[in-house]
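S.K.: When the letters of the sequence shown are read in order and numbered with this note's numbering, they come out as residues 11 to 439.
All C-beta atoms, glycine included, are put in the ideal place defined by N, C-alpha and C.
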Amino acid sequence: MHLRYRYRLYPTLPQRVALSKAFGCARVVFNDAVAARRRAHIEGLSYPTTAVLSKTLITEAKRTAERAWLAEVSAAVLQQALADADRAFRNFFASRKGQRKGPLMGPPRFKRRTGAQSIRFTRNTRFKVLGNGKLRLPKVGDLKVAWSRELPSEPSSVTVVKTATGKYYASFVVAVDEDADLLEPLTDPEAETGIDLGLKDFAVLRGGKVIENPRFFRRLERKLAKAQRILARKAKGSANRGKARLRVAKVHERIRNTRADWVDKQVKTVVAENQGIYVEDLNVKGLSRGRHAKSIHDAGFGLFVTRLEAKAARAGRTFVKVDRYFPSTRLCSVCGALTGPSGLEGLKVRAWACGCGAVHDRDRNAEINIRREGKRLVAAGQADTRNASGGDVRPGTPGRLRNPRQGKNEEPTRNRTAPAARKPGVPAR
11 MHLRYRYRLY PTLPQRVALS KAFGCARVVF NDAVAARRRA HIEGLSYPTT
61 AVLSKTLITE AKRTAERAWL AEVSAAVLQQ ALADADRAFR NFFASRKGQR
111 KGPLMGPPRF KRRTGAQSIR FTRNTRFKVL GNGKLRLPKV GDLKVAWSRE
161 LPSEPSSVTV VKTATGKYYA SFVVAVDEDA DLLEPLTDPE AETGIDLGLK
211 DFAVLRGGKV IENPRFFRRL ERKLAKAQRI LARKAKGSAN RGKARLRVAK
261 VHERIRNTRA DWVDKQVKTV VAENQGIYVE DLNVKGLSRG RHAKSIHDAG
311 FGLFVTRLEA KAARAGRTFV KVDRYFPSTR LCSVCGALTG PSGLEGLKVR
361 AWACGCGAVH DRDRNAEINI RREGKRLVAA GQADTRNASG GDVRPGTPGR
411 LRNPRQGKNE EPTRNRTAPA ARKPGVPAR
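#1: Alpha carbon to alpha carbon, how far is residue 343 from residue 382?
#2: Does the structure place the region 149-158 close enough to the region 68-80 that three or more beta carbon pairs sit under 8 Å?
#3: So does the region 270-282 actually touch the region 368-388, counting three or more Cβ pairs closer than 8 Å?
#4: Could you spell out where the beta strand (DSSP E) holding residue 40 opens and where it closes?
#5: Applying the 10 Å Cβ sphere with the 16-neighbour rule, what's the burial state of residue 120?
#6: Quick check on residue 81: does DSSP put it in helix, strand or coil?
#7: Count the other CB atoms within 10 Å of the CB of residue 62; is the residue buried (16 or more) or exposed (fewer)?
#8: Go ahead and label residue 290 buried or exposed: buried means 16 or more other beta carbons lie within 10 angstroms of its beta carbon, across all protein chains shown.
#9: Ordered along the chain, which non-local residues of its own chain (more than five positions away) have a Cβ less than 7 Å from that of residue 13?
#10: Are at least three pairs of beta-carbons, each pair with one atom in the region 124-131 and one in the region 75-90, less than 8 Å apart?
#11: What beta strand (DSSP E) runs, 3 residues minimum, are completely inside the region 149-208?
#12: Pull up the distance between the alpha-carbon of residue 329 and that of residue 385, whole angstroms please.
#13: If you measure between the beta carbons of residue 327 and residue 285, is that distance less than 9 Å?
#14: By alpha-carbon positions, which one of 257, 111, 36 and 190 ends up nearest to residue 122?
#15: Indicate whether residue 31 and residue 79 have their beta-carbon atoms separated by less than 9 Å.
#16: For residue 215 versus residue 281, is the C-beta distance shorter than 9 Å?
#17: Alpha carbon to alpha carbon, how far is residue 73 from residue 226? Give it in angstroms, no decimals.
#18: Inspect the beta-carbon positions of residue 143 and residue 157 and report whether they are closer than 9 Å.
#19: Is residue 161 buried or exposed, if buried means 16 or more other CB atoms sit within 10 Å of its CB?
#20: Using DSSP with H/G/I as helix, E/B as strand and the rest coil, what is residue 131?
#21: Count the other CB atoms within 10 Å of the CB of residue 52; is the residue buried (16 or more) or exposed (fewer)?
#22: For residue 38, is the classification buried or exposed, using 16 other Cβ atoms within 10 angstroms of its Cβ as the cut-off for buried?
#23: Sorted by chain position, which residues of the same chain lie with C-beta nearer than 8 Å to residue 82's C-beta, five sequence neighbours on each side aside?
#24: Look at residue 170 and residue 147 and say whether their C-beta atoms are less than 9 Å apart.
#25: Given that a residue counts as buried once 16 or more other Cβ atoms are within 10 Å of its Cβ, and exposed if not, what is residue 178?
#26: Let me know if residue 401 comes out buried or exposed under the rule of 16 or more other beta-carbons within 10 Å of its beta-carbon.
#27: Please classify residue 232: does DSSP put it in a helix, a strand, or coil?
#28: Can you give me the C-alpha to C-alpha distance between residue 237 and residue 16, rounded to a whole angstrom?
#29: What does a CB cutoff of less than 7 Å around residue 94 pick up in its chain, not counting 5 residues either side in sequence?
#30: Can you grab the Cα-Cα spacing for the pair residue 222 / residue 209, in whole Å?
#31: Can you tell which of 283, 239, 278 and 207 has the C-alpha that lies nearest to the C-alpha of residue 201?
#32: Report the residue from 253, 362, 106 and 337 whose alpha carbon sits nearest the alpha carbon of residue 117.
#33: Would you check if the distance between the CB atom of residue 350 and the CB atom of residue 357 is smaller than 9 Å?
#34: Specify the secondary structure class of residue 119 as computed by DSSP and reduced to three states.
#35: Helix, strand or coil: which one does DSSP assign to residue 279?
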């Protein structure tokens with residue numbers, strides 16, 4: 011298993027100049043490769059291979075007056091730029107052929123000169139972590155690194171990143187043992203939880219435990235708006251505009267870093283306290299196009315679920331995603347009837363009563379149903395988990411839902427085919 015370890019870099023002024031040259035040369039070679047392949051496609055020529063592009067765009071280009079400055083940086087940086095362009099085209103072709111999961115990808119576009127830049131060095135480029143703790147890069151020098159933790163093994167590559175705020179980071183790729191971060195299994199049968207995500211409360215866990223929604227973007231929205239107004243009034247190309255742009259970038263960076271730190275802490279707590287973790291598979295991309303788009307982006311549901319899944323796998327916990335169309339809110343956790351609130355008006359209902367006499371809190375009821383459905387999927391072998399657990403967990407007939415409007419002799423509907431079982435588009439429960 012490969013992981014990334016990221017550390018802050020503190021290059022000197024000459025080293026920053028050398029890195030700027032490397033960023034620019036890598037961007038130029040990438041754009042030249044994209045342009046060459048676009049031109050070949052328009053003219054009906056054969057697809058130029060990486061070897062051909064390497065000869066024409068790097069080796070021969072260095073001998074010309076227009077591209078002689080490519081020789082000032084390491085050739086490994088330029089070769090990696092070509093490899094990145096080739097990988098982007100391969101992913102585009104695979105996506106169009108249906109060989110790549112996810113939405114269709116577009117063809118590679120030209121890179122622009124922005125505040126964020128990056129270059130990559132592989133093992134054969136002879137980058138080295140020295141005994142004094144510095145990172146040696148070819149044609150850059152020995153960079154000072156702030157080691158917050160030790161590398162578990164020898165890195166296979168390092169990516170030097172410059173952020174929009176002018177900070178430098180080194181991101182190492184290292185191979186680690188899959189069982190290195192395993193936690194001791196929890197024997198308590200109650201150490202399992204469903205996770206009901208929402209906008210009012212970020213998440214509701216077993217027993218009614220609530221994780222408050224921190225709303226990091228909303229807290230700094232006024233400060234960001236003020237910085238953006240100042241930026242809009244500056245003349246393009248002026249030094250003051252550069253300072254204003256940096257001020258806006260710092261606000262965005264603070265929001266992003268604060269949210270990521272908070273998510274990591276919540277993920278660590280959930281994984282440490284639960285052997286089984288069951289979460290609903292929200293369509294975050296679809297939700298972010300609706301009326302609550304700003305709040306969806308601010309909550310960071312995708313970031314939370316992705317990191318929770320990765321952390322649970324490394325720790326040896328059971329992690330299951332429940333189908334997004336499972337009616338966790340409308341399903342009564344006592345009798346299994348679909349009597350809960352539905353539609354846009356139902357989003358305002360925080361508590362509801364079922365015909366069986368049970369009174370439910372909206373979020374707690376959803377958490378119970380998510381946990382039961384997740385355990386059912388594990389017991390049925392329909393979930394890909396590392397440590398399997400679960401059993402007969404659904405009230406009533408396993409795997410089926412009975413609508414109270416149906417007669418006694420009518421066939422109950424399956425929860426994935428019944429139109430009434432579809433969940434509202436906004437998870438503001």
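M.R.: Reading it off the structure:
#1: For the purposes of this step, residue 343 is taken as residue 333 along the sequence shown, with counting starting at 1. For the purposes of this step, residue 382 is taken as residue 372 along the sequence shown, with counting starting at 1. Those two C-alpha atoms are separated by around 9 Å.
#2: Here the region 68-80 does not lie against the region 149-158, with fewer than 3 beta-carbon pairs under 8 Å apart.
#3: Result no; under three Cβ-Cβ pairs closer than 8 Å.
#4: Here residue 40 corresponds to residue number 30 of the sequence shown, with the count starting at 1. In the DSSP assignment, residue 40 falls outside any beta strand (DSSP E) and within the unbroken alpha helix (DSSP H) covering 23-52.
#5: Mapped onto the sequence shown, residue 120 falls at position 110. The residue is exposed, with fewer than 16 neighbouring Cβ atoms inside 10 Å.
#6: Here residue 81 refers to the residue found at position 71 of the sequence shown. The answer is helix: DSSP assigns residue 81 an H, G or I state.
#7: To locate residue 62, count along the sequence shown from 1; it is residue 52. With fewer than 16 Cβ atoms within 10 Å of its Cβ, residue 62 is classed as exposed.
#8: Residue numbering aside, residue 290 sits at position 280 when the sequence shown is read from its first letter. Looking at its Cβ environment, which holds 16 or more other Cβ atoms inside 10 Å, residue 290 is buried.
#9: One-based indexing of the sequence shown puts residue 13 at position 3. Excluding positions up to five away in sequence, the list reads 184 and 186.
#10: yes
#11: 151-156, 167-172, 178-185 and 202-207
#12: Within the sequence shown, numbered from 1, the residue matching residue 329 stands at position 319. Within the sequence shown, numbered from 1, the residue matching residue 385 stands at position 375. If I take the Cα positions, the gap works out to 10 Å.
#13: The residue given as residue 327 occupies position 317 in the sequence shown. The residue given as residue 285 occupies position 275 in the sequence shown. For residue 327 and residue 285, yes; Cβs fall inside 9 Å.
#14: Position 112 of the sequence shown, counting from 1, holds the residue named residue 122. Comparing Cα-Cα distances from residue 122 to each of 257, 111, 36 and 190, the minimum goes to 36.
#15: Residue numbering aside, residue 31 sits at position 21 when the sequence shown is read from its first letter. Residue numbering aside, residue 79 sits at position 69 when the sequence shown is read from its first letter. Against a cut-off of 9 Å, the Cβ pair of residue 79 and residue 31 comes out as a contact.
#16: Counting from one through the sequence shown, the residue named residue 215 turns up at place 205. Counting from one through the sequence shown, the residue named residue 281 turns up at place 271. In this structure, residue 281 does not lie closer than 9 Å to residue 215 by Cβ.
#17: As a working mapping, residue 226 is identified with position 216 in the sequence shown. As a working mapping, residue 73 is identified with position 63 in the sequence shown. Near 52 Å, if we compare the C-alpha coordinates of residue 73 and residue 226.
#18: Taking the sequence shown and counting its residues from 1, one reaches residue 143 at position 133. Taking the sequence shown and counting its residues from 1, one reaches residue 157 at position 147. At a Cβ-Cβ threshold of 9 Å, residue 143 and residue 157 count as neighbours.
#19: In the sequence shown, the residue the question calls residue 161 occupies position 151. Answer is exposed; the Cβ neighbour count stays below 16.
#20: Position 121 of the sequence shown holds residue 131. Looking at residue 131 - three-state DSSP - the assignment turns out to be strand.
#21: Within the sequence shown, the letter at position 42 stands for residue 52. Classification for residue 52: exposed.
#22: If you number the sequence shown from 1, residue 38 lands on position 28. Its Cβ being crowded by 16 or more others within 10 Å, residue 38 is buried.
#23: Mapped onto the sequence shown, residue 82 falls at position 72. Hits under 8 Å: 31, 35 and 149.
#24: For the purposes of this step, residue 170 is identified with residue 160 of the sequence shown, where counting begins at 1. For the purposes of this step, residue 147 is identified with residue 137 of the sequence shown, where counting begins at 1. Cβ atoms of residue 170 and residue 147: closer than 9 Å.
#25: Numbered from 1 along the sequence shown, position 168 holds the residue referred to as residue 178. So residue 178 counts as buried.
#26: As a working mapping, residue 401 is identified with position 391 in the sequence shown. Only weak support exists for where residue 401 lies, its pLDDT of 46 falling under 50; the value from the coordinates is given anyway. Taking a 10 Å sphere around the C-beta of residue 401, we find fewer than 16 other C-beta atoms and assign the residue as exposed.
#27: One-based indexing of the sequence shown puts residue 232 at position 222. Residue 232 sits in a helix when the DSSP states are folded into three classes.
#28: Taking the sequence shown and counting its residues from 1, the one referred to as residue 237 is at position 227. Taking the sequence shown and counting its residues from 1, the one referred to as residue 16 is at position 6. Rounded to whole angstroms, residue 237 to residue 16 spans 29 Å at the Cα level.
#29: If you number the sequence shown from 1, residue 94 lands on position 84. 40, listed in sequence order.
#30: Taking the first residue of the sequence shown as 1, we reach residue 222 at position 212. Taking the first residue of the sequence shown as 1, we reach residue 209 at position 199. C-alpha separation (whole angstroms): 9 Å.
#31: Here residue 201 corresponds to residue number 191 of the sequence shown, with the count starting at 1. Of the listed residues, the one whose Cα sits closest to residue 201 is 283.
#32: Numbered from its first residue, the sequence shown carries residue 117 at position 107. For residue 117, the nearest C-alpha among the options comes from 106.
#33: Against the sequence shown, residue 350 aligns to sequence position 340. Against the sequence shown, residue 357 aligns to sequence position 347. Their beta carbons are not under 9 Å apart, which means residue 350 does not touch residue 357 by this criterion.
#34: For the purposes of this step, residue 119 is taken as residue 109 along the sequence shown, with counting starting at 1. It is coil, neither helix nor strand.
#35: To locate residue 279, count along the sequence shown from 1; it is residue 269. If DSSP states are grouped into helix, strand and coil, residue 279 belongs with the helices.
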